[in-house]
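Novice: With the working numbering applied, the sequence shown corresponds to residues 1114 to 1447, in that order.
Okay, handing you the structure first.
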Amino acid sequence: MYTQAMDTMGKDGDAPALQTADQQALQARFDARIDAGDFIEAKDWMPDHYRKTLLRQISQHAHSEIVGMLPEGNWVTRAPSLKRKAILLAKIQDEGGHGLYLYAAAETLGSSRDQLLHALHTGKAKYSSIFNYPTLTWADIGTIGWLVDGAAIMNQVPICRCSYAPYARAMIRICREESFHQRQGYDSLLVMMQEGTPEQRAMVQDAVNRWWWPCLMMFGPPDAESTHTAQSMRWGIKRISNDDLRQKFVDATVEQAKVLGVTLPDPHLHWNEARGHYDFGHLDWDEFWRVVGGEGPCNRERLAARVNAWEEGAWVREAALAHAAKVAAQPLAA
Ligand SMILES: [Fe+2]
Ligand SMILES: [Fe+2]
């Protein structure tokens, strides 16, 4: 689902000084292509720093997709109707597919799937911190679709124009599916708000209260503190800054909340005529960094679930490899 804070964990530093005239020529050609808005393909020359930045971002994005399946999986057996259960299953399956496209895109940069997953399982790689919050009621599922997938779309549509072509291509398909995710969540909440009992409406409001601020944090730290933003924008990896995306999300969501009939939990939220945008309150960045750092309500549970899935799936990987070896050893049919 979800790019967030994709630039929070890098320690790459500046690009290394170039060694040779040949490398300088390659760099100049690369820069000219980026300036011209060209797409870079997997086999094209690229600076090491560009490759590492993309690898970090795409793999964090892939991890976010598969960890994002966990809070929703928690409600599959308790969905209130067959229809909602089928929708939820389809959505979770989509997220697994998003992980697959993104791991494949990351592999084109020279890391294997095993290496990428090892980094996740050992806590070296991050995923979106939004998934470290619990899903306490059925209304959380609709709220995740509306707000979390909604924030993801806001984040991800600009990545469809990312300068690295395999990532951009993966994002086009992902964004179409995220749009369905957002709408199903909103629809689920609308039914509860318009046809539900007072208890169901209160449940929706409570879910929105809990998810609103963490969703705003999905866009990452403020621009002034975002270490990699300038370089990523220069390379055409990032097209819109964290703060601008956050503002776009707030502006769009306030109107949707009015139709839904819920109150967004921010007393400072009001329309600013001069700016032409909604003003909103301060985010608790201490909480954000705590959750990114592993101290959110569900960090340990999520990671343990992924590690467990990897270990329990070992026999499937072994069987698939044994089968592939058997097929490879067979003489080709005439
Ligand atoms: Fe999604
Ligand atoms: Fe997704």
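The beta-carbon is built from N, C-alpha and C at its ideal position, and this holds for glycine as well.
Measure the C-alpha to C-alpha separation of arginine 1347 and proline 1271 and round it to an integer number of angstroms.
Specialist: 14 Å
Novice: How is tryptophan 1384 classed by DSSP in three states: helix, strand or coil?
Specialist: strand
Novice: Between the beta-carbon of leucine 1201 and the beta-carbon of glutamate 1185, is there less than 9 Å?
Specialist: yes
Novice: Which same chain residues, not among the five before or five after alanine 1192, have their C-beta less than 7 Å away from its C-beta?
Specialist: Lys1198, Leu1201
Novice: How many Å lie between alanine 1315 and valine 1363 at the Cα?
Specialist: 22 Å
Novice: Cα-Cα, which of Arg1413, His1436, Gly1349 is closest to alanine 1145?
Specialist: Gly1349
Novice: Please report the straight-line C-alpha distance between arginine 1430 and aspartate 1357, rounded to a whole angstrom.
Specialist: As the crow flies, the alpha-carbon of arginine 1430 is around 43 Å from that of aspartate 1357.
Novice: Looking at the strands, I want to know which residues DSSP matches up with isoleucine 1353.
Specialist: BP columns for isoleucine 1353 are empty, so no partner.
Novice: Taking only heavy atoms of ligand 1 into account, decide whether any of them is closer than 8 Å to the Cβ of histidine 1211.
Specialist: yes
Novice: Nearest CA to the CA of glutamate 1408: which residue from Ile1243, Gln1369, Asp1300, Gly1150?
Specialist: Checking every option, the nearest Cα to that of glutamate 1408 belongs to Ile1243.
Novice: Is aspartate 1151 helix, strand or coil by DSSP?
Specialist: Reduced to three states, the DSSP call for aspartate 1151 is coil.
Novice: Assess, as a yes-or-no matter, whether the segment 1258-1268 is touched by the segment 1331-1348 under the definition of 3 or more beta carbon pairs within less than 8 Å.
Specialist: yes
Novice: Taking the continuous alpha helix (DSSP H) assigned at histidine 1174, which residues delimit it?
Specialist: 1161-1180
Novice: Looking at lysine 1204: is its Cβ nearer than 9 Å to the Cβ of phenylalanine 1293?
Specialist: yes
Novice: Can you determine whether any heavy atom of ligand 2 sits closer than 8 Å to the C-beta of alanine 1291, and answer yes or no?
Specialist: Residue identity differs from the one stated: residue 1291 is glutamate in this sequence, not alanine. Result yes, Cβ under 8 Å from ligand 2.
Novice: Classify isoleucine 1179 as buried or exposed, calling it buried when 16 or more other Cβ atoms lie within 10 Å of its own Cβ.
Specialist: buried
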